[in-house]
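The working numbering puts the first residue of the sequence shown at 324, with every later residue one more than the last.
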Amino acid sequence: MTSEAISSGTAITPERAAAFLRDFATMSEFGATPAGGVDRQAAGEADIEQRRWFAELLTAHGLRVQYDRIGNQFGLLDLNPGAPYVMVGSHMDSQPTAGRYDGAYGVLAAAHAAFVLANEWSESGKRPQYNVAVVNWFNEEGSRFVPSMMGSSVYTGVLAPETALATTDKDGVSVAEALAPTGFIDDSDGPRAAFCAEIHIEQGRLLENAGTAIGLVTASWAAKKYVVTVEGDQAHSGATVMEDRRDALYGAALLVVFARELADRFAGVLHTAVGQLDVYPNSPVVVASSTRLLLDLRSADEAVLAEANRILSDRFAEIERIAKVTIHQTLSHEWGINPYQPEGVELARSSAERLGYSHDEILTVAGHDSTNMKKIVPTIMLFVPSVEGISHNEREHTLDENMLAGLDVLTDVVRRFAHGELAPSS
Ligand SMILES: [Zn+2]
Numbered sequence: 324m325t326s327e328a329i330s331s332g333t334a335i336t337p338e339r340a341a342a343f344l345r346d347f348a349t350m351s352e353f354g355a356t357p358a359g360g361v362d363r364q365a366a367g368e369a370d371i372e373q374r375r376w377f378a379e380l381l382t383a384h385g386l387r388v389q390y391d392r393i394g395n396q397f398g399l400l401d402l403n404p405g406a407p408y409v410m411v412g413s414h415m416d417s418q419p420t421a422g423r424y425d426g427a428y429g430v431l432a433a434a435h436a437a438f439v440l441a442n443e444w445s446e447s448g449k450r451p452q453y454n455v456a457v458v459n460w461f462n463e464e465g466s467r468f469v470p471s472m473m474g475s476s477v478y479t480g481v482l483a484p485e486t487a488l489a490t491t492d493k494d495g496v497s498v499a500e501a502l503a504p505t506g507f508i509d510d511s512d513g514p515r516a517a518f519c520a521e522i523h524i525e526q527g528r529l530l531e532n533a534g535t536a537i538g539l540v541t542a543s544w545a546a547k548k549y550v551v552t553v554e555g556d557q558a559h560s561g562a563t564v565m566e567d568r569r570d571a572l573y574g575a576a577l578l579v580v581f582a583r584e585l586a587d588r589f590a591g592v593l594h595t596a597v598g599q600l601d602v603y604p605n606s607p608v609v610v611a612s613s614t615r616l617l618l619d620l621r622s623a624d625e626a627v628l629a630e631a632n633r634i635l636s637d638r639f640a641e642i643e644r645i646a647k648v649t650i651h652q653t654l655s656h657e658w659g660i661n662p663y664q665p666e667g668v669e670l671a672r673s674s675a676e677r678l679g680y681s682h683d684e685i686l687t688v689a690g691h692d693s694t695n696m697k698k699i700v701p702t703i704m705l706f707v708p709s710v711e712g713i714s715h716n717e718r719e720h721t722l723d724e725n726m727l728a729g730l731d732v733l734t735d736v737v738r739r740f741a742h743g744e745l746a747p748s749s
């Protein structure tokens, strides 16, 4: 079947656009913060309420809702019994004070793409080769339960379900305990994927600066994420003479500063951050005995990442001497530069082209669920512009016209996947 035969132009009617924007506004009310953002950490109250609402939305449009053993939420559009699925979605959980668009946009766009296609197939009587599964991956953000991308990691076999379910938050609540009362868990592997598509906000400013509507993601930056503990000795913050101190917070501070200096040394090709710092006992008159921090290193060049790691290890040894502390470093999560399948990038490019949207290739710096999925099935990742590149911030914003353009291209991509354009036999 030629692509012209299955798609001839935009599927986003004014009614569809209005329905999408209305649902997006409703969605943004779950966990809404006064400054216009959201707080929807995985399996927290707002995440649970939003999932209930989403299940109703899917059901109302004729999709069958299902869960797997790690709480991934699926909306199944079954048109060809027994056939595997085009998996399309993103995540609805968020960082503690986050924007409305990160993940949530991609899940809602996936749902509306499925609604459009369900109508099309129902009207035409055509039966696609593959079924469609809308997915809301569990705990992509990893703010409450580490690591991030947990749901897709379990789905793709990167992370054992028992390990994920036993992971605890700061209060000692496990993923299993948090999910059990919600009903969002089932003793199932979830629907079998044949292809995957995800659309997401860029979270950078390349598309906006270039005036480009659609980013065709060709590969992800490599990343290494560490849990680092700095061990010293508790002491009186006034009385203990300075040379006797083994100050764990001083050691951690040197490390935080060095992580930034390291990124400056590889300007533009290395991103580093310490996103969390726990201090013990964190008491006014006590020199800290222990600190724990989460350190990220990311680069588009694996050689740079390896070199940065080497320099960092040398600096750890220096910090141990300077602050008289002991440093332990554990790798908690890593991924390499794995390209998205080029034939998927080409498919997405031709969809953007024939629908008349400007487009360009782009890399993703952040990890996404599609980063996992592309290891098991052909996967397409699309970006839409983020205003000023602001993300993981309540001021995160994407223009309506950009969201709708993305929905249009995503719909076409899912349509073409479902009709078997990249099927192994065709
Ligand atoms: Zn995201």
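Beta carbons: idealized from backbone N, C-alpha and C, even for Gly.
Note on geometry: alpha-carbon atoms of Gly394 and Ser674 lie some 32 Å from one another. Sixteen is the threshold: since fewer than 16 other Cβ atoms of the shown chains lie within 10 Å of the Cβ of Gly448, the residue is exposed. The C-beta distance from Arg423 to Val361 rounds to 5 Å, short enough to fall under 8 Å. Nearest C-alpha to Leu635 among Asp624, Ile650, Val469: Ile650.
Just so you know, the alpha carbons of Leu678 and Thr333 end up roughly 6 Å apart. Cβ-Cβ separation between Val553 and Gly574: approximately 4 Å, consistent with a contact (criterion under 8 Å). If the five residues before and after His691 are omitted, its C-beta is found closer than 7 Å to the C-beta atoms of Glu521, His523, Met704, all from its own chain and listed in chain order. Between Leu431 and Met350, the C-beta spacing is below 8 Å. Going by beta carbons, Arg392 and Asp510 fall inside the 8 Å limit. Judged by DSSP in its simplified three-state form, Glu446 adopts helix. Listed in chain order, the non-local C-beta contacts of Asn605 below 8 Å within the same chain comprise Ala611, local neighbours out to five positions each way being set aside.
When distances are taken from the beta-carbon of Gly474 to the heavy atoms of ligand 1, even the shortest one reaches 7 Å or more. In the structure shown, the three-state DSSP call for Trp544 is coil. In this chain, the beta strand (DSSP E) harbouring Gly398 covers 396-400. Each residue's CA atom was taken as its position, placing Val481 and Met696 some 10 Å apart. A residue is listed when its beta-carbon falls short of 5 Å from at least one non-hydrogen atom of ligand 1; in chain order these are Asp425, Gly426.
In the pairwise beta carbon analysis, the segment 531-542 is classified as touching the segment 699-718: at least three pairs are separated by under 8 Å.
Phe377 carries a helical assignment under DSSP once its states are collapsed to helix, strand and coil. Leu572 is the residue among Leu572, Arg515, Arg638 whose C-alpha sits nearest the C-alpha of Pro607. Per DSSP, Tyr573 is one residue of the alpha helix (DSSP H) stretching across 571-588. Of the other Cβ atoms in all chains shown, 16 or more fall within 10 Å of the Cβ of His435; this residue is therefore buried. Pairing Ala545 with Gly367 gives a Cβ-Cβ distance that is not under 8 Å. Closest option to Ile371, judged by alpha-carbon separation, among Arg387, Arg345, Ala503: Ala503.
In the displayed model, Met410 falls within a strand according to three-state DSSP.
In terms of Cα proximity to Ala741, the closest of Arg718, Thr702, Leu727, Asp723 is Thr702. In the three-state reduction of the DSSP assignment, Ile524 falls in the strand class. Apart from the 5 residues on each side of it in sequence, Leu386 sits with its Cβ closer than 7 Å to the Cβ of Gly398, Leu399, Leu400, Ala437, Val457 in its chain, given in chain order.
Beta-bridge annotation (DSSP): Ala558 is paired with Val610.
Checking the DSSP bridge columns, you'll see Ile685 partnered with Val540. Across the structure, His559 and Thr614 are spaced so that their CA atoms are roughly 17 Å apart. Nearest Cα to Glu625 within the set Ser655, Asp567, Val688: Val688. Taking 8 Å as the cut-off, the Cβ atoms of Ala406 and Tyr478 do not count as close.
At least 8 Å separates the beta-carbon of Asp416 from that of Glu352. In the three-state DSSP reduction, Phe461 falls in the coil class, being neither helix nor strand. Beta-bridge partners assigned by DSSP to Ala456: Leu399, Met410. Boundaries for Arg718: no beta strand (DSSP E) harbours it, and the DSSP string shows neither H nor E there.
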